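Asks: Take a look at the following structure, please.
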Amino acid sequence: MRTLITGASAGLGAGMARELAGRGHDLALVARRLDRLEALRDELAPTGVRIAIAALDVDDHDAVFRTVRAVRDELGGLDRVIVNAGIGKGAPIGTGRFDANLATARTNFVAALAQCEAAMEIFRAQDAGHLVVVSSVAADRGLKGAQTTYAATKAALSHLAEGIRVDVAGTQIRVTTLAPGYIRTELNGGMSRPFSVDAATGTRAMADAIEKAPAFAYVPTWPWAVLGRVLRVMPTPILRRVT
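Numbering of the sequence shown is given in full-length UniProt numbering, commencing with residue 1 and proceeding in unit increments.
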């Protein structure tokens with residue numbers, strides 16, 4: 001299995017790389033910080049899998065297409081693409097931080113669209129492949145404050161993945177949406193929230209779900225398969241208090 005992971009230099013991306021390398025997957029790892037990718041490649045070298053790395057800013061859409069094609073050629077093909085790169089900037093709407101909200105919208109949705117386009121171009125040509133998009137439990141509802149734009153981008157990404165899934169139904173192309181719950185990483189400052197899990201636990205659950213290739217999966221399954229459904233029907237006053 002040859003798997004491309006975007007945003008692979010840290011956080012969930014690096015964690016998934018470690019998990020999948022340990023399971024024998026050849027990897028293409030891309031992110032902005034090439035030095036971090038080089039260090040991760042060296043760390044994973046003892047697994048014996050092939051690892052291609054490339055610097056990529058996913059907001060450079062032309063570069064997304066070039067880089068995806070280049071790592072495909074380096075590995076001799078791609079079987080799976082994990083659209084993982086994203087940011088968590090944001091501020092309450094109307095508080096003068098349109099710049100932060102725009103950056104989140106561009107990276108988390110528009111850049112993700114470019115990654116899906118580049119992946120699906122390859123998968124359609126070979127009539128096979130597995131597209132994985134990393135959404136969030138935050139996609140289940142509109143959220144307040146700094147989370148408003150972030151949640152909206154993840155909801156859009158989930159709908160994008162579902163549309164692609166419908167479009168290729170009946171083919172050998174599979175599309176999986178992952179909705180992580182609270183997973184502590186260096187990127188979120190090791191968040192302290194109820195039901196949060198450490199990065200190793202969270203990314204192991206993500207890798208398990210990826211290998212099963214469902215249409216949709218909350219990760220970890222417990223308690224998010226329950227809490228996600230509760231979140232969808234929670235009255236707004238309660239939603240405001242708990243989020």
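C-beta: ideal position from N, C-alpha, C; glycine also.
Remember, predicted model here, so these are calculated numbers, not experimental data.
With respect to the beta strand (DSSP E) encompassing Val-233, which residues constitute its N-terminal and C-terminal limits?
Replies: It is not in any beta strand (DSSP E) - Val-233 instead sits in the alpha helix (DSSP H) that spans 221-233.
Asks: Tell me Ile-82's beta-bridge partners as DSSP assigns them.
Replies: Ile-82 is bridged to Ile-5 and Val-132.
Asks: Who are the Cβ neighbours of Val-175 in its own chain at under 6 angstroms, not counting the five residues just before and after it?
Replies: Hits under 6 angstroms: Leu-131, Ala-161, Ile-164 and Arg-165.
Asks: Where does Ile-87 sit, in a helix, a strand or coil, going by DSSP?
Replies: In this structure, Ile-87 counts as coil in the three-state DSSP scheme.
Asks: Could you give the C-beta distance for Ala-156 and Phe-195, rounded to a whole number, given that I count them as a contact under 8 angstroms?
Replies: 25 angstroms between Cβ atoms; not a contact.
Asks: Name, in chain order, the residues that DSSP records as bridge partners for Pro-180.
Replies: Looking at the DSSP assignment, Pro-180 forms a beta bridge with Val-219.
Asks: So Val-64 and Gln-115 are supposed to be a Cβ contact under 8 angstroms. How far apart are they, rounded?
Replies: Going by Cβ atoms, the distance from Val-64 to Gln-115 rounds to 6 angstroms, so yes, they are a contact pair.
Asks: Using 8 angstroms as the threshold, is the stretch 5-14 in touch with the stretch 23-37, meaning 3 or more CB pairs across them?
Replies: With a cut-off of 8 angstroms, the stretch 23-37 and the stretch 5-14 count as touching, because enough Cβ pairs lie within range.
Asks: Among Leu-143, Ala-138 and Gly-129, which has the Cα closest to the Cα of Ala-169?
Replies: Considering only alpha carbons, the answer is Gly-129.
Asks: Apart from the five residues on each side of it in sequence, which residues of its chain come closer than 6 angstroms, Cβ to Cβ, to His-61?
Replies: Contacts found: Ala-114.
Asks: Please classify Asp-73: does DSSP put it in a helix, a strand, or coil?
Replies: Asp-73: helix per DSSP, three-state reduction.
Asks: Give me the DSSP bridge partner(s) of Asp-62.
Replies: None, per the DSSP bridge assignment.
Asks: Compute the distance between the beta-carbons of Arg-232 and Arg-141, then report whether it is under 9 angstroms.
Replies: Going by C-beta atoms, Arg-232 is nearer than 9 angstroms to Arg-141.
Asks: State the beta-bridge partners of Ala-152 as determined by DSSP.
Replies: Answer is none; Ala-152 lacks a bridge partner.
Asks: What is the C-beta distance between Ala-103 and Val-58, in whole angstroms, given that I count them as a contact (C-beta under 8 angstroms)?
Replies: 12 angstroms between Cβ atoms; not a contact.
Asks: Roughly how many angstroms separate the alpha carbons of Leu-37 and Asp-99, rounded to a whole number?
Replies: Each residue's Cα considered, the two are about 28 angstroms apart.
Asks: Let me know if Ala-213 comes out buried or exposed under the rule of 16 or more other beta-carbons within 10 Å of its beta-carbon.
Replies: Under this definition Ala-213 is an exposed residue.
Asks: Just the Cα atoms here: how many angstroms apart are Leu-47 and Leu-40?
Replies: Looking at the sequence shown, residue 47 is not Leu but Thr. Going by the C-alpha atoms only, they are around 12 angstroms apart.
Asks: Are Asp-79 and Arg-2 touching if we call contact CB-CB under 9 angstroms?
Replies: Yes, they are a contact pair.
Asks: Evaluate Trp-224 with the Cβ neighbour count: other Cβ atoms within 10 Å of its Cβ, from every protein chain shown; 16 or more gives buried, anything less gives exposed.
Replies: Buried.
Asks: When we look at the beta-carbon of His-159 and count the other beta-carbons within 10 Å, is it buried (16 or more) or exposed?
Replies: Answer is exposed; the Cβ neighbour count stays below 16.
Asks: DSSP three-state call for Leu-143: helix, strand or coil?
Replies: Note: Leu-143 maps to coil in three-state DSSP.
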